[in-house]
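**Q** The opening residue of the sequence shown carries number 193 in this note's numbering; numbering runs sequentially from there.
Where a beta carbon is used, it is the ideal one built from N, C-alpha and C, also for glycine.
This structure is a prediction, so every number in the text was calculated from the model and none was measured.
Here it is: the structure, laid out below.
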Amino acid sequence: MKRASIAVLTGIALMLGACVGAVQDKENMMTAAGFNVRLADTPDKIAALKKFPPHKFFAQNKNNQVVYFYADPTICRCLYYGNQQAYQTYRQMAFQQNLADQQQMTAEINQQTAFDFGPWGDPFWY
């Protein structure tokens with residue numbers, strides 16, 4: 193029973209760590225794309241930050257210009273903001289990253305299919 197509990201807790205910790213890593217990767221990409229960052233360093237800013245949709249882009253019109261925002265109330269406690277160009281650059285970078293991830297996954301699958309199961313027998317015995 194104790195081992196099962198430890199295994200479950202370890203699994204949960206790994207999943208949460210993966211989520212944090214994905215959000216941090218996204219935020220690093222936003223900074224590289226040209227988004228600016230404002231820290232929520234006062235109680236008023238923290239309260240305002242929590243009113244925005246967390247970890248999602250949203251757009252506002254400001255002086256006939258579209259400004260894109262991304263609120264992170266959990267990891268960096270900050271608000272990212274950028275113009276249309278920064279958002280388009282981010283989208284292109286995210287697309288390229290997804291494409292690279294898919295290519296890597298395909299290469300790994302192809303490598304696995306080249307594995308010789310000879311002495312082990314048919315892998316689909318179950």
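Could you tell me the distance, in whole angstroms, from the CA atom of Cys270 to the CA atom of Arg230?
**A** Counted from its first residue, the sequence shown places residue 270 at position 78. Counted from its first residue, the sequence shown places residue 230 at position 38. The straight-line gap from Cα to Cα measures roughly 6 Å.
**Q** From Phe249, Gln288, Lys237 and Phe244, pick the residue whose C-alpha is nearest to that of Asn275; which is it?
**A** Taking the sequence shown and counting its residues from 1, the one referred to as residue 275 is at position 83. The shortest C-alpha separation from Asn275 is found at Phe249.
**Q** When we look at the beta-carbon of Glu300 and count the other beta-carbons within 10 Å, is it buried (16 or more) or exposed?
**A** Taking the first residue of the sequence shown as 1, we reach residue 300 at position 108. By the Cβ-count criterion, Glu300 is exposed, with fewer than 16 other Cβ atoms from all chains shown falling within 10 Å of its own Cβ.
**Q** Among Met297, Gln296, Ala263 and Met221, which has the Cα closest to the Cα of Ala239?
**A** Numbered from 1 along the sequence shown, position 47 holds the residue referred to as residue 239. Comparing Cα positions, the closest option is Ala263.
**Q** Rounded to whole angstroms, what's the CA-CA distance from Pro265 to His247? Just pull it up for me.
**A** For the purposes of this step, residue 265 is taken as the residue at position 73 of the sequence shown. For the purposes of this step, residue 247 is taken as the residue at position 55 of the sequence shown. Rounded to whole angstroms, Pro265 to His247 spans 8 Å at the Cα level.
**Q** Quick check: what's the CA-CA separation for Cys268 versus Asn290?
**A** For the purposes of this step, residue 268 is taken as the residue at position 76 of the sequence shown. For the purposes of this step, residue 290 is taken as the residue at position 98 of the sequence shown. Computed Cα separation, rounded: 24 Å.
**Q** What residue from Gln257, Ala292, Gln295 and Gln296 has the CA that sits closest to Ile278's CA?
**A** Locating residue 278 in the sequence shown gives position 86, where the first residue counts as 1. At residue 278 the sequence reads Ala, which differs from the Ile that was named. For the residues Gln257, Ala292, Gln295 and Gln296, the minimum Cα distance to Ala278 belongs to Gln257.
**Q** Determine the direct distance from the alpha carbon of Asp233 to that of Thr298, and round the result to whole angstroms.
**A** Mapped onto the sequence shown, residue 298 falls at position 106. Mapped onto the sequence shown, residue 233 falls at position 41. Asp233 has its alpha-carbon roughly 44 Å from the corresponding atom of Thr298.
**Q** Using the Cα positions of Gln216 and Phe261, report the straight-line distance between them to the nearest angstrom.
**A** Here residue 216 refers to the residue found at position 24 of the sequence shown. Here residue 261 refers to the residue found at position 69 of the sequence shown. Looking at the two C-alpha atoms, the distance is approximately 16 Å.
**Q** Could you please give the first and the last residue of the uninterrupted beta strand (DSSP E) stretch that includes Asp264?
**A** Sequence index remark: in the sequence shown, residue 264 carries index 72 (1-based). First-last of the beta strand (DSSP E) with Asp264: Gln257 to Asp264.
**Q** Measure the C-alpha to C-alpha separation of Ala225 and Gln288 and round it to an integer number of angstroms.
**A** If you number the sequence shown from 1, residue 225 lands on position 33. If you number the sequence shown from 1, residue 288 lands on position 96. Cα to Cα, Ala225 sits roughly 13 Å from Gln288.
**Q** Helix, strand or coil: which one does DSSP assign to Lys218?
**A** To locate residue 218, count along the sequence shown from 1; it is residue 26. If DSSP states are grouped into helix, strand and coil, Lys218 belongs with the helices.
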